[in-house]
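Trainee: Below is one structure. I have some questions about it.
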Amino acid sequence: MHRRPIGRGRTLGIVGAIVMLVGCVLPWYAVGGGSDLPLRQLNAFSGSGIIVFIAALATLAVVAFPYAAGDRPVGIDRWPAYLFVTLAAWIGIANWILSFLGDTAGLFPDRAPGLWVAVAGTVALSRAAYDIAQEPAAR
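In the numbering used here, the protein residues as written are 9 to 147.
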């Protein structure tokens, strides 16, 4: 059974999705923690960041599906699918940031490392979608 190689774009998509998954379990917002206030931390599952988690899982599914389907070509393994999950991840991140627009102190990298790790993974996924769009059409 002949399988085509994964390629640079899909490999970058896998790495970006794994980075996004790691970012989802780290804190995305933290406030307090001083001498008189308890620390309050939120992660991706506390709001619209769950869209980033779902987009990361969808990316892994889109990459794996052609290899699970056998030798037939699969229509979902094209650049629009990667663009869709990338846009969904960016929307989830933007909505999360906009929900804390009045209090951005908890969004700084030292307080919200998960948010910034997820942003880095989404940037990698964006580049992967671009690389996949630049590939020659499969015959």
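Glycine included, every Cβ here is placed at the ideal spot set by N, Cα and C. Computed from a predicted structure; not experimentally measured.
Could you tell me the alpha carbon to alpha carbon distance between G42 and L123, rounded to whole angstroms?
Mentor: The residue you call residue 42 lines up with position 34 of the sequence shown. The residue you call residue 123 lines up with position 115 of the sequence shown. Taking the straight line from one Cα to the other gives about 22 angstroms.
Trainee: Check the DSSP bridge columns for Q142 and list the partner residues they point to.
Mentor: On the sequence shown, residue 142 is found 134 positions in, with the first residue counted as 1. In DSSP, Q142 forms no bridge with anything.
Trainee: Taking three-plus beta-carbon pairs below 8 angstroms as touching, is the stretch 72-91 in contact with the stretch 25-39?
Mentor: no
Trainee: Taking the beta strand (DSSP E) that R48 belongs to, which residues open and close that run?
Mentor: For the purposes of this step, residue 48 is identified with residue 40 of the sequence shown, where counting begins at 1. Its beta strand (DSSP E) spans residues 48-50.
Trainee: If distances are taken between C-alpha atoms only, which option among G55, I58, D85 comes closest to A69?
Mentor: Counting from 1 along the sequence shown, the entry for residue 69 is found at position 61. Per the Cα distances, D85.
Trainee: Expressed to the nearest angstrom, what Euclidean distance is found between the alpha-carbon atoms of Q49 and V125?
Mentor: On the sequence shown, residue 49 is found 41 positions in, with the first residue counted as 1. On the sequence shown, residue 125 is found 117 positions in, with the first residue counted as 1. Pairing Q49 with V125, the inter-Cα distance amounts to about 16 angstroms.
Trainee: Excluding five sequence neighbours on each side, which residues of the same chain lie with their C-beta closer than 8 angstroms to the C-beta of P46?
Mentor: As a first step, residue 46 is located in the sequence shown; it is residue number 38 there, counting from the start. Answer for P46: G40, listed in chain order.
Trainee: Whose C-beta lies closer than 7 angstroms to the C-beta of L20 among residues of the same chain, with five residues either side of it excluded?
Mentor: Counted from its first residue, the sequence shown places residue 20 at position 12. Once the five neighbours on either side are set aside, the close Cβ partners of L20 are A132, R135, A136, D139.
Trainee: Would you check if the distance between the CB atom of P35 and the CB atom of P121 is smaller than 8 angstroms?
Mentor: As a first step, residue 35 must be located in the sequence shown, where it is residue number 27. As a first step, residue 121 must be located in the sequence shown, where it is residue number 113. Yes; because the gap between Cβ atoms is below 8 angstroms, this pair is in contact.
Trainee: Should G57 be labelled buried (16 or more other beta-carbon atoms within 10 Å of its own) or exposed?
Mentor: Taking the first residue of the sequence shown as 1, we reach residue 57 at position 49. For G57, the number of other beta carbons within 10 angstroms of its own is at least 16, and it is reported as buried.
Trainee: Where does V82 sit, in a helix, a strand or coil, going by DSSP?
Mentor: Mapped onto the sequence shown, residue 82 falls at position 74. In the structure shown, V82 sits in coil (DSSP, three-state: anything other than H, G, I, E or B).
Trainee: With DSSP collapsed to three states, give me the class of A72.
Mentor: As a first step, residue 72 must be located in the sequence shown, where it is residue number 64. Note: A72 maps to helix in three-state DSSP.
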